[in-house]
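**Q**
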Amino acid sequence: MSSNPLLEVKKLKKYFPIKSGILSKTVANVKAVDGIDFTINCGETLGLVGESGCGKSTAGRTILRLLEATEGEVVFEGQNIFNLESEKLRELRKEMQIIFQDPYGSLNPRNTVGDIVGAAYIIHGIARGKEKRQKVLKLLDTVGLREEHIDRYPHEFSGGQRQRISIARALALNPKLVVCDEPLSALDVSIQAQVINLMRDIQQQFNLTYVFISHDLKVVKHISDRVAVMYLGKIVELASKKDMYSSPQHPYTQALLSAIPVPRPGANKNRIILEGDVPSPVDPPDGCRFHTRCWEKINICQEEKPVLKDLGGGHFCACHRR
Amino acid sequence: MEKKILEVKGLKTYFYTEDGIAAAVDGVDFEVAKKETLGIVGESGCGKSVTALSIMGLLESPPAQIAAGEIIFKGEDLLKKSDKERRNIRGNEISMIFQEPMTSLNPVLSVGNQIGEVLRIHQRLKKQEAADKTIELLDLVGIPLPERRIKEFPHQLSGGIRQRVMIAIALACNPSLIIADEPTTALDVTIQAQILELMKDLKEKLNTAIMLITHDLGLIAEVAQNVMVMYAGQIVEYADVDRLFEQTMHPYTIGLLESIPGVDLEIDRLDVIKGLVPNLYDLPQGCRFHPRCKDARTVCKEKEPKLYDLKGHKVRCFKYSGTW
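From first to last, the protein sequence lines stand for chains D and L. One point on numbering: in our numbering, the residue at position 5 of the first sequence is 14, and numbering is uninterrupted. One point on numbering: in our numbering, the residue at position 210 of the second sequence is 245, and numbering is uninterrupted.
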């Protein structure tokens, strides 16, 4: 793994306005992503974890400019992608792909696998006809599907196979970065394991960089090199996988890790049970956003926002007590 | 003496459809004792939910039909009872917690009415009595400010609170058996931890027997005493929780455990079960797991193994037949 950054995310914010009244005045904002910074190196997998509503999927989509950011910069190979004109952006799209969670909803039911996977070749004017078919067949082979699958429709496949189709589609243009948005959540464990192995194989084969978004901490641990934990639109902790799982620093990370049910009787004894729910991202708490549920809070936590600081060795944590 | 509450014998639930007959549950035997938590684990389509719905009598017929078997609850066969008698048992003596709290709560009824309805129908409580009992129940399942919550509607509640309301409904009539079908699957981990804690707590307090249906072996390890692993409509392994995890026998169960990415293990590549769950309309000959099994031999392709009982640890695999 080389250590030159492929992607730099700087102070990224994405607000969704809530409009009301006949003049559609913006009355409030859902602060889905509220100032996050990180870099990803070439060939690396960054796991982005958090619970529903923490902003991880919005972050993933904003990075690819599928959503327009409210503020901040995303620098891909030295270029700020938010300043690009549409023609240049189209070129850049070849380098960045996404795999969605729901393999049922993200494949067009009226198109054959050949059309779905090959669409990108047509759009970017790379290949058509026989040449396109040859390329698609090669991709299907890479993701473990058979030749005869090319003329079938999505409904003829199981969930695991559909996710393989999505992966083939993402690989079509030989991208550098793939954002994987909960690609395994809809699958059964035995199928999940097959797809995890496939994703690791193609990562090595094509030298891919992954942003792996998931709520499943076990899967993230397996597949990531570094992990960022999000809570209410902010990154609360970012560290190498080893540091994150062996010595989590932020109270939220500690609670999150302790909540995973381990398949071994008696292994789930010292669990931290958080009280209450995640507050609304429309009106997040002042100071540290986690203070309403934190058992270590002191006065400053309610007043001042903690910043993400390096605790040493690239282990970042946003907590006043650390 | 250990008292059994529920005994299922030779249950076969078939779906008669245009494509043929799907044996969703194909000869399942088990018991649930008083105060026991039985975990049922398996992947989509293994028949775990259909087993639960058969016990509840909630399957739509046609296409579903209970082709054979007995479901004995407190000494009486539920399958011989009339619809009315079953309705009295359902929700009263046996209740169910579903996976998706948003779709299983009625969106146009307030929380208070929803829980109160159960109490008024089954326990014949008056309106005020039902309201008082509802507040008590909400308090029991750990919902803060119950007096205010009873006026709220499901869409105003968070996922965790909704699932607590579901649990309150299930507990309303003090049932002797609760069937929980993936009760925490739709919830975030920290909320799941809260609900698990609540369920364990309530079990201590109320002594209810629980059938916990899940695909998550982690949950099973945490709350179940006995575990039943299902595959393609059949039980493939049955044991107490310690033996199931420490002396796992069936190749399918072993494969399932190895497919879970470890939290405290450093493995680079997961061991996987190859292939897919078989199509219920077109089951393989012999052992239903043999096309995916690492250890399969000729006998597995030809004959169907029975459930061998090794001192209470049951396993459907020829490896344990004594002649392997």
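For glycine and all other residues, C-beta sits at the position ideal for the given N, C-alpha and C.
1. Distance check for D:Leu226 and D:Val238, CA to CA, integer angstroms please.
2. Indicate whether the contact test is met: 3 or more Cβ pairs, each with one atom in the stretch 256-265 of chain D and one in the stretch 81-88 of chain D, closer than 8 Å.
3. So, helix, strand or coil for L:Val85, using DSSP?
4. Could you check where the alpha helix (DSSP H) with D:Phe221 kicks off and where it finishes?
5. When the Cα atoms are used, what is the spatial distance from D:Met10 to D:Ala179?
6. For the stretch 270-281 of chain L, list every residue whose C-beta sits within 9 Å of some C-beta in chain D, in sequence order.
7. Taking 8 Å as the CB-CB limit, is D:Ile205 close to chain L?
8. State yes or no: is the C-beta of D:Lys230 within less than 8 Å of the C-beta of D:Tyr254?
9. Roughly how many angstroms separate the alpha carbons of L:Thr358 and D:Leu57, rounded to a whole number?
10. Could you tell me which residues DSSP puts in a beta bridge with L:His348?
11. Compare the C-beta of D:Asp197 against all C-beta atoms of chain L and say whether one is closer than 8 Å.
12. Cα-Cα, which of D:Ser223, D:Ile205 and D:Asp160 is closest to L:Val224?
13. With which residues is L:Leu46 paired in a DSSP beta bridge?
14. Enumerate in chain order the residues of its own chain whose CB-to-CB distance from D:Lys19 is below 8 Å, with the five nearest sequence positions on each side excluded.
15. Would you check if there are 3 or more beta carbon pairs closer than 8 Å linking the stretch 186-203 of chain L to the stretch 129-148 of chain L?
16. For the putative contact between D:Ile125 and D:Ile174, defined by C-beta atoms under 8 Å, what is the C-beta separation to the nearest angstrom?
17. Show which residues of chain L have a CB atom less than 7 Å away from the CB atom of D:Arg280.
18. Output yes if chain L places a C-beta closer than 8 Å to the C-beta of D:Ala268; else output no.
19. Rounding to the nearest angstrom, what Cα-Cα distance links L:Arg184 and L:Arg159 in this structure?
20. Give, in chain order, every residue of the stretch 225-239 of chain D whose Cβ lies closer than 9 Å to some Cβ of chain L.
21. Please confirm if the stretch 120-135 of chain L is in contact with the stretch 198-215 of chain L, defined as three or more CB-CB distances below 8 Å between the two stretches.
22. Name the one or two DSSP bridge partners that L:Arg125 has.
23. Report the option in D:Arg74, D:Glu100 and D:Val187 whose CA atom is closest to the CA atom of D:Thr387.
24. Cα-Cα, which of D:Ser61, D:Gly30 and D:Pro26 is closest to D:Glu77?
25. Pull out every residue of the stretch 232-253 of chain L whose Cβ sits closer than 7 Å to any Cβ of chain D, in chain order.
26. Are three or more beta carbon pairs between the stretch 187-198 of chain D and the stretch 107-122 of chain D nearer than 8 Å?
27. Can you tell me which of the three DSSP states D:Asp150 falls into?
28. Please confirm whether D:Pro272 has its beta-carbon closer than 8 Å to some beta-carbon of chain L.
29. Contact criterion: CB-CB distance below 8 Å. Does D:Ala68 meet it with respect to chain L?
30. Should D:Leu15 go down as buried or exposed, given a rule of 16 or more other Cβ atoms within 10 Å for buried?
31. Quick one: which chain L residues come within Cβ less than 8 Å of D:Gln201?
32. For D:Cys51 and L:Arg197, what's the separation of their Cα atoms in angstroms?
33. Could you tell me which residues DSSP pairs with D:Pro14 in its beta bridges?
34. Would the beta-carbon of L:Glu71 fall within 8 Å of that of L:Ala244?
35. Is there contact here, the stretch 50-57 of chain L with the stretch 304-318 of chain L, by at least three beta-carbon pairs under 8 Å?
36. Would DSSP call L:Phe353 helix, strand or coil?
**A** Let's see:
1. Stepping through the first sequence from its first residue, residue 238 of chain D is reached at position 229. Stepping through the first sequence from its first residue, residue 226 of chain D is reached at position 217. Looking at the two C-alpha atoms, the distance is approximately 10 Å.
2. no
3. Stepping through the second sequence from its first residue, residue 85 of chain L is reached at position 50. L:Val85: helix per DSSP, three-state reduction.
4. Along the first sequence, one-based indexing puts residue 221 of chain D at 212. Run containing D:Phe221: none in the alpha helix (DSSP H); it sits in the beta strand (DSSP E), Thr218 to Ser223.
5. Stepping through the first sequence from its first residue, residue 10 of chain D is reached at position 1. Stepping through the first sequence from its first residue, residue 179 of chain D is reached at position 170. Note that D:Met10 scores a pLDDT of 44, beneath 50, so its modelled location is shaky; the value from the coordinates is reported in the next line. Using only the alpha carbons, I get a separation of about 22 Å.
6. Val276, Asp277, Leu279, Phe280 and Glu281
7. Here residue 205 of chain D refers to the residue found at position 196 of the first sequence. D:Ile205 counts as touching chain L.
8. Against the first sequence, residue 230 of chain D aligns to sequence position 221. Against the first sequence, residue 254 of chain D aligns to sequence position 245. In this structure, D:Tyr254 lies closer than 8 Å to D:Lys230 by Cβ.
9. Stepping through the second sequence from its first residue, residue 358 of chain L is reached at position 323. Stepping through the first sequence from its first residue, residue 57 of chain D is reached at position 48. Using only the alpha carbons, I get a separation of about 51 Å.
10. Indexing the second sequence from 1 puts residue 348 of chain L at position 313. L:His348 pairs with L:Leu345.
11. The sequence position of residue 197 of chain D within the first sequence is 188, counting from 1. Judged by the 8 Å Cβ criterion, D:Asp197 is in contact with chain L.
12. Counted from its first residue, the second sequence places residue 224 of chain L at position 189. Checking every option, the nearest Cα to that of L:Val224 belongs to D:Ser223.
13. By 1-based counting over the second sequence, the position of residue 46 of chain L is 11. Looking at the DSSP assignment, L:Leu46 forms a beta bridge with L:Val63.
14. Within the first sequence, the letter at position 10 stands for residue 19 of chain D. Here the set comprises Asp46, Gly81, Glu82, Val83 and Val84.
15. yes
16. Counting from 1 along the first sequence, the entry for residue 125 of chain D is found at position 116. Counting from 1 along the first sequence, the entry for residue 174 of chain D is found at position 165. That pair is a contact at about 6 Å.
17. Residue numbering aside, residue 280 of chain D sits at position 271 when the first sequence is read from its first letter. Ala228, listed in chain order.
18. Translated into the one-based positions of the first sequence, residue 268 of chain D becomes position 259. Chain L contact via Cβ: present.
19. As a working note, residue 184 of chain L is residue 149 in the second sequence. As a working note, residue 159 of chain L is residue 124 in the second sequence. Going from the Cα of L:Arg184 to the Cα of L:Arg159 covers about 23 Å.
20. Asp225, Leu226, Lys227, Val228, Val229, Lys230, His231 and Ile232
21. yes
22. Start at 1 with the first residue of the second sequence, and residue 125 of chain L comes out as number 90. Its beta-bridge partners are L:Ile129.
23. Shown here, chain D extends from 10 to 331; a query on residue 387 of chain D therefore has no answer.
24. Numbered from 1 along the first sequence, position 68 holds the residue referred to as residue 77 of chain D. It is D:Pro26 whose Cα lies nearest to the Cα of D:Glu77.
25. Glu232, His250, Asp251, Leu252 and Gly253
26. yes
27. For the purposes of this step, residue 150 of chain D is taken as the residue at position 141 of the first sequence. Here D:Asp150 sits in helix by DSSP.
28. Counting from 1 along the first sequence, the entry for residue 272 of chain D is found at position 263. Output row for D:Pro272: interface = yes.
29. Here residue 68 of chain D corresponds to residue number 59 of the first sequence, with the count starting at 1. Answer no: the Cβ-Cβ gap between D:Ala68 and chain L never drops below 8 Å.
30. Looking up residue 15 of chain D in the first sequence gives position 6. D:Leu15 comes out buried.
31. Numbered from 1 along the first sequence, position 192 holds the residue referred to as residue 201 of chain D. Per Cβ cutoff of 8 Å: Ser294.
32. Here residue 51 of chain D corresponds to residue number 42 of the first sequence, with the count starting at 1. Here residue 197 of chain L corresponds to residue number 162 of the second sequence, with the count starting at 1. About 43 Å.
33. Reading the first sequence from its first residue, position 5 is the one you call residue 14 of chain D. Partner(s): D:Asn50.
34. Here residue 71 of chain L refers to the residue found at position 36 when the second sequence is read from its first residue. Here residue 244 of chain L refers to the residue found at position 209 when the second sequence is read from its first residue. Result yes, Cβ atoms of L:Glu71 and L:Ala244 sit closer than 8 Å.
35. yes
36. The residue labelled residue 353 of chain L in the question sits at position 318 within the second sequence. In the structure shown, L:Phe353 sits in a helix (DSSP, three-state: H, G or I).
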